Each structure stands twice: as structure tokens, then as C-alpha cells.
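The structure appears below as C-alpha cells.
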Amino acid sequence: MAKKKTIRTIPQERAFMPVEAPEARVANFGEVVLGFDVENALVECERCLVCPEPACVAGCPVGIDIPGFICKMIDKDYRGAYDIISEANLLPAICGRVCPQEDQCEGVCPVGDTLEPVAVGRLERWVGDRAIEEGWHKRPYIEPNGFRVGIIGSGPAGVACAADLAKAGCAVTVYEALHEPGGVLRYGIPEFRLPNQVVDEEIGNLLDLGIEIQCNTLVGRLFTIEQMLDEMGYDAVFIGTGAGSPKFMEIPGETLNGVLSANELLTRCNLMVAGSFPEYDTPLHLGRRVAVIGAGNTAMDALRVSLRLGAEKVYCVYRRTETESPARVEELHHAQEEGIEFHWLTAPVEILDDGDGNVRAMRCVRMELGEPDESGRRRPVPIEGSEFEFETDMVVYAIGTNANPILGQTSKLKLNKWGYIETGEDLATSMAGVYAGGDIVTGAATVILAMGAGRRAARSIKEYLGIRDSDVVYRPERSGHEGALFGVNVAERNFARVRLA
Amino acid sequence: MTSQGTKTATGRGTEPPKWRMGPASGVGFPIVDREDFSDTTFRLEIDHPVMAKAARPGQFVIIVTHDHGERIPLTIADYDRDKGTVTLVVQAVGKSTREMQQLCRPGTALYSMVGPMGQPSHVGEAKKVICVGGGLGVAPIFPQARAFKERGAYVIGVVGFRNRDLIFWEDKFRQCCDELIICTDDGSAGIKGLVTKGIEQAIAQHSDIDEVVAVGPPIMMKACAEATRPHGIKTVVSLNPIMVDGTGMCGGCRVKIGGRIKFACVDGPDFDGHDVDFDDLMNRLHRFKEEEQLALERWTENCRRLDMEPHTTTDQDKGRS
Numbered sequence: 003m004a005k006k007k008t009i010r011t012i013p014q015e016r017a018f019m020p021v022e023a024p025e026a027r028v029a030n031f032g033e034v035v036l037g038f039d040v041e042n043a044l045v046e047c048e049r050c051l052v053c054p055e056p057a058c059v060a061g062c063p064v065g066i067d068i069p070g071f072i073c074k075m076i077d078k079d080y081r082g083a084y085d086i087i088s089e090a091n092l093l094p095a096i097c098g099r100v101c102p103q104e105d106q107c108e109g110v111c112p113v114g115d116t117l118e119p120v121a122v123g124r125l126e127r128w129v130g131d132r133a134i135e136e137g138w139h140k141r142p143y144i145e146p147n148g149f150r151v152g153i154i155g156s157g158p159a160g161v162a163c164a165a166d167l168a169k170a171g172c173a174v175t176v177y178e179a180l181h182e183p184g185g186v187l188r189y190g191i192p193e194f195r196l197p198n199q200v201v202d203e204e205i206g207n208l209l210d211l212g213i214e215i216q217c218n219t220l221v222g223r224l225f226t227i228e229q230m231l232d233e234m235g236y237d238a239v240f241i242g243t244g245a246g247s248p249k250f251m252e253i254p255g256e257t258l259n260g261v262l263s264a265n266e267l268l269t270r271c272n273l274m275v276a277g278s279f280p281e282y283d284t285p286l287h288l289g290r291r292v293a294v295i296g297a298g299n300t301a302m303d304a305l306r307v308s309l310r311l312g313a314e315k316v317y318c319v320y321r322r323t324e325t326e327s328p329a330r331v332e333e334l335h336h337a338q339e340e341g342i343e344f345h346w347l348t349a350p351v352e353i354l355d356d357g358d359g360n361v362r363a364m365r366c367v368r369m370e371l372g373e374p375d376e377s378g379r380r381r382p383v384p385i386e387g388s389e390f391e392f393e394t395d396m397v398v399y400a401i402g403t404n405a406n407p408i409l410g411q412t413s414k415l416k417l418n419k420w421g422y423i424e425t426g427e428d429l430a431t432s433m434a435g436v437y438a439g440g441d442i443v444t445g446a447a448t449v450i451l452a453m454g455a456g457r458r459a460a461r462s463i464k465e466y467l468g469i470r471d472s473d474v475v476y477r478p479e480r481s482g483h484e485g486a487l488f489g490v491n492v493a494e495r496n497f498a499r500v501r502l503a
Numbered sequence: 021m022t023s024q025g026t027k028t029a030t031g032r033g034t035e036p037p038k039w040r041m042g043p044a045s046g047v048g049f050p051i052v053d054r055e056d057f058s059d060t061t062f063r064l065e066i067d068h069p070v071m072a073k074a075a076r077p078g079q080f081v082i083i084v085t086h087d088h089g090e091r092i093p094l095t096i097a098d099y100d101r102d103k104g105t106v107t108l109v110v111q112a113v114g115k116s117t118r119e120m121q122q123l124c125r126p127g128t129a130l131y132s133m134v135g136p137m138g139q140p141s142h143v144g145e146a147k148k149v150i151c152v153g154g155g156l157g158v159a160p161i162f163p164q165a166r167a168f169k170e171r172g173a174y175v176i177g178v179v180g181f182r183n184r185d186l187i188f189w190e191d192k193f194r195q196c197c198d199e200l201i202i203c204t205d206d207g208s209a210g211i212k213g214l215v216t217k218g219i220e221q222a223i224a225q226h227s228d229i230d231e232v233v234a235v236g237p238p239i240m241m242k243a244c245a246e247a248t249r250p251h252g253i254k255t256v257v258s259l260n261p262i263m264v265d266g267t268g269m270c271g272g273c274r275v276k277i278g279g280r281i282k283f284a285c286v287d288g289p290d291f292d293g294h295d296v297d298f299d300d301l302m303n304r305l306h307r308f309k310e311e312e313q314l315a316l317e318r319w320t321e322n323c324r325r326l327d328m329e330p331h332t333t334t335d336q337d338k339g340r341s
């Protein structure tokens with residue numbers, strides 16, 4: 003190895019990565035961020051200082067050995083880099099695209115103290131895409147351990163949990179209510195940010211681990227969690243159903259035609275391909291002037307989808323300012339570049355009828371920021387007498403979600419006062435052998451946090467079933483067991499052996 | 021790179037899915053029987069033993085006919101736990117349902133069917149009930165009438181059709197109803213008039229009716245709710261608004277109940293008819309009327325063009341069945 007790198011010797015600027023020009027991209031659903039080529043990926047790798055105690059690994063919800071995979075890349079062992087990433091994360095091509103890296107690995111990267119942090123997300127994506135192209139996915143030989151685990155929901159939490167349990171030798175079945183797997187990766191995140199093909203490929207990797215995915219299965223209604231444990235022979239169940247239920251504001255005019263949730267807009271476009279109506283049967287009826295309420299990542303997706311489907315004007319209406327917007331910096335930036343009009347400090351108070359049951363306009367009020375609220379952000383307060391009419395013929399709500407009620411309705415699970423499933427630190431629910439994680443526990447969050455929760459639940463399920471957890475061996479400090487002997491949990495009674503075929 | 025450039029808005033490949041579409045190992049959900057009640061209404065029996073076991077009166081399914089299809093909510097008309105089948109009755113009114121009428125035959129399979137969705141109807145302690153079905157609501161009222169009968173209630177069935185040729189399941193209703201009142205628009209069978217006339221007749225004859233359950237088009241359910249309101253009889257209606265996922269995720273099916281927003285798919289589909297804002301529901305059902313019109317015209321035109329090549333479709337049909 004060459005001389006130790008310092009902040010002075012590394013490339014000062016981030017390596018070049020092409021992005022589709024705004025004028026070209028708003029006309030189609032092609033990917034916006036095009037990814038590194040190999041030369042630039044290697045330049046970017048040189049910017050990593052390979053810290054002895056890497057903050058980025060701790061900052062990653064799934065604990066990817068980031069300097070480890072970057073070193074493999076520097077050695078041009080790309081396959082090795084993929085093996086390191088896929089140890090912790092089976093969906094690198096997805097996470098490299100959709101993680102909020104600025105709050106995680108890149109947010110704590112020491113290079114970022116003086117320069118731009120190492121572009122970990124882009125490198126992860128490069129490795130993930132390369133793996134798909136080359137078909138590197140490893141099909142490990144897994145010795146079955148005889149346990150059966152049922153997973154409810156094939157979104158990020160469910161698949162992360164499924165992958166870890168399958169690697170440990172459990173027979174895993176994932177149930178999905180929609181007719182295609184992937185959860186929010188499929189119905190929520192649009193094509194230009196995460197192509198369906200990438201989702202297909204990475205879901206295919208899960209199937210290669212022997213995981214069974216069964217679509218068109220609404221757990222709770224087709225069969226209950228109790229039945230899974232009592233009649234269907236599952237030893238444990240993981241719930242990763244997502245938060246789901248979209249919030250509305252309960253202001254007048256909300257049931258007019260032309261008012262819909264971002265979930266509905268995105269599901270119609272992403273899952274049901276309404277953009278290609280009438281070749282595909284699902285309609286959308288896009289407005290000419292679309293106003294999206296909210297400024298989170300879902301709002302950004304709804305805004306940019308509306309633009310691509312041909313809306314003449316697309317407005318983002320948010321009651322706080324750009325500073326408080328919860329969206330990823332990159333998404334907000336892309337939306338601005340694409341010509342979306344932002345109306346900060348603005349909130350609707352009524353949606354107005356055109357006389358025919360459709361949206362004609364919104365009555366909005368201007369806001370100002372007052373004292374900080376419990377979230378630490380300054381609370382928006384309406385300015386008296388500032389009401390005005392905002393012309394629009396489609397209003398899309400992207401103001402968050404409530405808990406999906408189905409599993410609460412159909413089981414004895416203990417819920418908290420907001421209807422989310424109550425769990426302990428180990429993600430165990432009030433029912434023995436039933437674990438839950440992701441948005442259905444925490445409320446709406448991100449793909450990677452859900453995946454982190456899925457992995458944490460998998461660890462707890464392994465412990466519950468008495469299976470050795472490889473993390474316990476390699477990272478004794480993470481196991482949290484008082485009774486660990488040589489890093490091995492003394493309570494475990496079943497050894498899973500994993501080796502490469 | 022993996023995916024840039026060549027992608028269209030569809031983003032779909034042509035390969036069959038690698039995951040399983042349902043509990044059965046085969047492709048899709050096999051149609052085992054079909055019966056045509058009239059030139060628009062037909063019954064499909066679909067093989068799905070797990071769902072046949074789980075289904076309760078008042079629940080619905082969402083089906084997709086093929087991989088370009090839309091998700092269509094349909095109330096479960098019956099289920100047979102021994103045969104392991106679920107029965108749906110479909111009225112061919114729009115593009116997708118007419119296409120189903122053309123394509124769905126025994127031996128073929130639905131691309132997707134998920135359910136049973138929604139909360140089952142509350143078949144309570146009522147001693148005397150009127151079960152009202154009109155139009156496409158005749159089939160879904162049947163399992164409720166049967167459930168009430170099984171609970172020991174006195175069941176008065178009121179079913180409405182346009183004319184006598186459209187009547188179906190009269191024998192099934194007679195088996196589970198203590199009284200059956202058939203209403204036809206033209207008076208060709210039973211009493212002449214709408215189902216509300218039947219309800220009024222039943223209320224006039226029985227002073228002790230505990231509950232009315234009405235399933236049908238919104239305008240009919242609204243009329244039923246208005247007919248019972250002066251008598252103060254509890255009236256349950258089953259709402260069928262436009263839906264996408266049916267799992268509470270999209271909020272497309274929101275309805276106004278007593279001034280508050282509810283999601284028909286997870287909070288319903290049954291609601292107190294006296295609290296439902298039917299005008300709001302009927303307005304929301306027109307949400308896609310332009311698109312529905314366009315899809316139907318385009319499809320009819322395609323069918324007409326295909327018909328110009330004589331007998332190709334019929335020959336294929338013969339080959340399949």
C-alpha cells in the first residue's frame with residue numbers, strides 16, 4: 003500500500019458523475035442520476051481515508067463495512083467489494099439510490115469536515131449495478147435448520163429480515179398483498195429514481211436464497227397471524243407491513259374529484275403504469291396544474307411524477323420553509339432544477355369546487371415561523387388575513403401516513419395510541435414469536451431504516467429460535483449478551499452453517 | 021449501466037414472474053365454472069380454497085384480469101368451503117368487465133385475486149331483517165341473507181331487476197328467505213317498481229323489523245336509506261367506491277360518513293346508511309368518466325376490427341374449452 007492518505011493528498015473534489023439534463027429528463031421516466039463510470043468510481047475511492055475506527059459504518063443502519071469495500075475496489079477486486087456489501091445488505095443497487103446518505107454514512111464522514119464527504123452511496127450503487135450486470139449474486143449453500151418463518155410484507159423491512167433469516171437456514175415465506183413484490187420500492191418510488199428492473203433483480207437475489215415470495219396474500223384477512231403460528235406451522239413471524247394509510251387534513255373539499263393522496267398517485271403510476279393508459283387499463287386523470295401538499299421525499303416523488311406525466315404547472319405547497327423540508331437534499335435540488343414551483347410558508351384551508359364536483363382552486367393561508375415545537379423545528383403559524391386563492395385542478399396530499407389498521411383489526415397485537423405496533427428494544431411484539439419493524443412500528447421513515455429494523459428483528463428472531471447469529475461471533479460488542487462466551491451466546495442451541503457453494 | 025436509456029414508462033419486462041402469485045403453485049387463479057345470467061351479467065367460480073375458508077359475508081376481493089389490467093373490486097357473491105371456490109357475479113358495464121365477459125372462461129385463470137378484503141358484515145342479533153339487493157347488489161346480498169337465516173333470523177328478501185329475463189338465483193334466495201319479494205322495473209315479474217316499493221310493502225306488513233341490509237348501486241342504497249329513515253330502522257349499506265390497492269394504502273376509496281372521512285376498504289365496506297353522504301360517493305364514482313368512456317370506445321373498436329377477420333376469436337374459444 004502507498005503512503006498513508008491524508009485530507010491534503012486525496013482528490014479534493016468529488017469525482018464526476020453524469021446527471022441527465024433537467025430539460026431532457028422531465029419528458030421521460032429515464033433515470034436522472036446516471037451513476038459513476040469505472041474510472042470515476044476509482045477516483046472517488048481514493049478520497050476515502052480508510053479511518054481505523056470508521057464513523058460511516060456506525061452511521062449505516064445496516065452496518066456495511068464501508069472502508070472494507072472501498073479498499074477492495076482500490077485493489078480492483080470489485081467482486082470482493084460486492085461480497086463485503088452483500089454481507090450486510092442484499093439490495094445495494096436500491097440503497098445506493100434511495101438512502102439519505104447525507105444523514106448517515108456521508109453525514110459522519112470526516113472528509114466532509116473540510117471537503118465534500120466520500121460519495122459512499124454512489125459507490126455502493128456502482129457496485130450494486132455492476133453485480134447485476136455481471137450476475138455476481140452468490141448463491142450460498144445454506145444448511146436448513148428446520149425452522150419456518152413467515153414474513154408479512156415484501157417491502158424493505160420484510161426483505162431485509164427474510165434475507166438474514168434465510169442465510170441462517172430458516173425456511174422463509176414472504177407474503178405480499180399486492181400483485182407484485184417490493185412494497186414501497188415497487189408502488190412508491192418512481193422509475194426515474196429507482197427503475198423497476200433494479201427492484202426485480204434484487205428481489206430475484208432473495209429468491210436465489212431460497213426465500214419464497216407469495217403475492218396476492220393479505221395477511222390478517224386471508225389468514226391471521228394466530229393461524230400462521232397455530233395452524234400453518236410457522237415458528238416465528240415478522241411484520242413489516244409499512245405505515246400505509248395516508249393522512250388527509252380534514253379541511254372542506256377533500257373528497258372532490260382531483261384530490262388524492264401521493265400514495266394513490268404513485269401507486270397508479272408506478273405499480274399500475276397509469277402513465278401508459280389506455281395500453282394499461284388504470285387511469286389517472288392528471289390535472290393541468292398540480293399542487294402537492296408537503297415537502298418530504300414522497301412529495302418530491304409526486305411532484306416529479308406529475309411533471310413527467312405532462313402537467314403544465316407543478317407546485318409544491320409547504321407550511322414551513324425549505325430549511326425544514328424533510329426531503330433528501332438531492333431530491334429537493336433535482337425538483338428545483340426541473341422547474342417545480344415552490345410555495346413555502348403556505349397552507350391550504352379549503353379546496354374549492356368547480357360546481358361539477360371537481361377541484362377548481364385552493365384557499366390558502368400564508369404562514370410564519372413561530373417558536374420551536376416538539377420536533378425542534380419552528381412551528382408554522384398562520385398570518386391573519388393572509389388568505390388567498392391558489393389556482394389548481396389537482397391536489398395531492400403528501401403530508402405523511404397513519405398506521406395501517408388491518409393487522410390491529412385482525413389480531414390481538416398490542417398497539418400504541420397512534421395504532422402502530424408496540425415493540426420492545428428487540429422488536430418483539432406482545433405476541434410470543436411475533437416481531438415487527440419498519441414503518442408499522444416507527445411511523446413513516448426511510449427505506450434503509452426499515453431495512454435496519456428488519457435486520458434487527460432477524461437477529462432477535464434468531465435468538466428467539468436459538469440459532470447462532472454470525473454477528474454475535476464477529477461483533478461481540480453488538481450482541482448485547484451478558485452471557486456470551488467467546489462471543490457465542492450461551493443460550494443458543496442450534497448452529498447454522500453457511501458456506502459458499 | 022443496468023437500466024438507463026432504454027426504459028419506457030412501463031418499466032416491465034416480458035418474462036413471467038419468478039415469485040408465486042398465490043397459494044396455488046400454478047399461474048394465476050383458475051376459473052372452474054361460469055354461468056351467464058343475461059347478456060351483461062355472469063357468474064364466475066374461482067378456485068381458491070384458502071379464501072373460500074376465510075371469506076365472510078360482506079367482504080370483497082380485488083381482481084386483475086391480465087398483466088396490463090386494472091384492479092377491480094368485486095363483492096364476494098358466495099363461497100363453497102367444500103369445493104374450495106369463491107363465486108363472483110360480474111356485470112359487464114365498462115371496458116374491463118366487458119373484457120372479462122369475453123375472456124374469462126373455465127380453463128382460463130385470473131392474473132390476480134386478493135382478499136377477502138374489508139370487515140365482514142356484522143350479522144348480529146336481529147330477529148327480523150330485510151335483505152335488499154338491486155342490480156349488481158343481488159349477488160352479494162345472498163351470503164348475508166343466508167348468514168342471517170343461519171343465525172335464526174326471519175329473513176325477508178327484496179331483490180330488484182329491470183325485467184324478468186334478468187332474474188337469477190331466485191331458487192337460492194327462496195331457500196334462505198322466509199319471504200321473497202321480487203321487484204321489476206316493468207312489472208314482468210313480482211311487483212312493479214323499485215326495491216323501495218318492496219321495502220315499504222314489507223315494513224307495512226311487519227312492524228317489528230330490526231334491520232335492513234341493502235346492497236346495490238349508490239342511488240338505490242340512498243333510496244333504501246331514505247325509505248327506512250322515517251321508521252327509524254337501522255339500515256346497513258355496502259359501499260363500493262373506486263379503489264386501487266384495497267388495503268388502506270391509497271385512500272382512493274374514502275367516503276364521507278357522518279361528515280368524517282372513512283376508507284371503505286378497511287373501515288368498511290359496510291356503513292350505517294343513514295350516515296353515508298351518497299351524493300359525495302356518486303360524485304366520486306364519476307372521477308374517471310372520460311377515461312372510462314375512452315377505454316370502452318377504444319376496446320369496442322378493437323373488437324370490431326378483430327371481428328372483421330371472420331371466426332378467428334370463436335375458433336380460439338372452441339379450442340380452449
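Chains as they are written, first to last, in this note's numbering: chain Z, 3 to 503; chain L, 21 to 341.
Where a beta carbon is used, it is the ideal one built from N, C-alpha and C, also for glycine.
The structure displayed is predicted, hence computed values, not measured ones.
Among the options, the one whose alpha carbon lies nearest that of residue i
i, options, result
"Leu186/L", "Arg304/L, Cys203/L, Val175/L", "Cys203/L"
"Asp230/L", "Gly155/L, Gly266/L, Val149/L", "Val149/L"
"Asn303/L", "Cys101/Z, Ala337/Z, Glu333/Z, Gly255/Z", "Gly255/Z"
"Ala165/L", "Met133/L, Cys151/L, Thr216/L", "Cys151/L"
"Cys323/L", "Thr107/L, Glu119/L, Arg101/L, Ala75/L", "Glu119/L"
"Pro158/Z", "Trp346/Z, Ser462/Z, Ala455/Z, Gly468/Z", "Ala455/Z"
"Asp297/L", "Ile92/L, Lys282/L, Phe49/L", "Lys282/L"
"Met302/Z", "Met234/Z, Gly206/Z, Gly445/Z, Tyr317/Z", "Tyr317/Z"
Assigned secondary structure, residue i (DSSP; H/G/I helix, E/B strand, else coil)
i, result
"Gly180/L", "strand"
"Gly482/Z", "Confidence at Gly482/Z is low in this model, with a pLDDT of 46, below 50, so its placement is unreliable and no value can be given for it."
"Asp375/Z", "coil"
"Gln111/L", "strand"
"Ile1/Z", "Because chain Z spans 3 through 503 in this model, residue 1/Z falls outside it and cannot be assessed."
"Asp202/Z", "helix"
"Met364/Z", "strand"
"His345/Z", "strand"
"Val149/L", "strand"
"Thr61/L", "strand"
"Gln14/Z", "coil"
"Gly507/Z", "Lying before the first or after the last residue shown, residue 507/Z is absent from chain Z, which here runs from 3 to 503."
Residue i, enclosing alpha helix (DSSP H) - first and last residue
i, result
"Thr431/Z", "No alpha helix (DSSP H) holds Thr431/Z; DSSP gives it neither H nor E."
"His335/Z", "331-339"
"Ala179/Z", "Premise fails: Ala179/Z is in no alpha helix (DSSP H) and is neither H nor E."
Minimum Cβ-Cβ distance from residue i to chain Z less than 8 Å
i, result
"Leu314/L", "yes"
"Arg274/L", "yes"
"Thr128/L", "no"
"Phe308/L", "yes"
"Cys323/L", "no"
Contact with chain L by residue i, beta-carbon distance below 8 Å
i, result
"Asn207/Z", "no"
"Arg270/Z", "yes"
"Arg223/Z", "yes"
"Gly220/Z", "Reading off the sequence shown, one finds Leu at residue 220/Z, where the question assumed Gly. Chain L, which has a Cβ nearer than 8 Å to the Cβ of Leu220/Z, makes this yes."
"Phe240/Z", "no"
"Pro252/Z", "Checking the displayed sequence, the identity of residue 252/Z turns out to be Glu instead of Pro. Yes, Glu252/Z lies at the interface with chain L (some Cβ there is under 8 Å from its Cβ)."
"Tyr282/Z", "yes"
"His483/Z", "Only weak support exists for where His483/Z lies, its pLDDT of 48 falling under 50; the coordinates are left without a value."
"Asn406/Z", "yes"
Bridge-paired residues (DSSP) for residue i
i, result
"Phe49/L", "Leu130/L"
Enclosing beta strand (DSSP E) for residue i [first to last residue]
i, result
"Phe80/L", "80-84"
"Lys254/L", "254-258"
"Arg274/L", "274-277"
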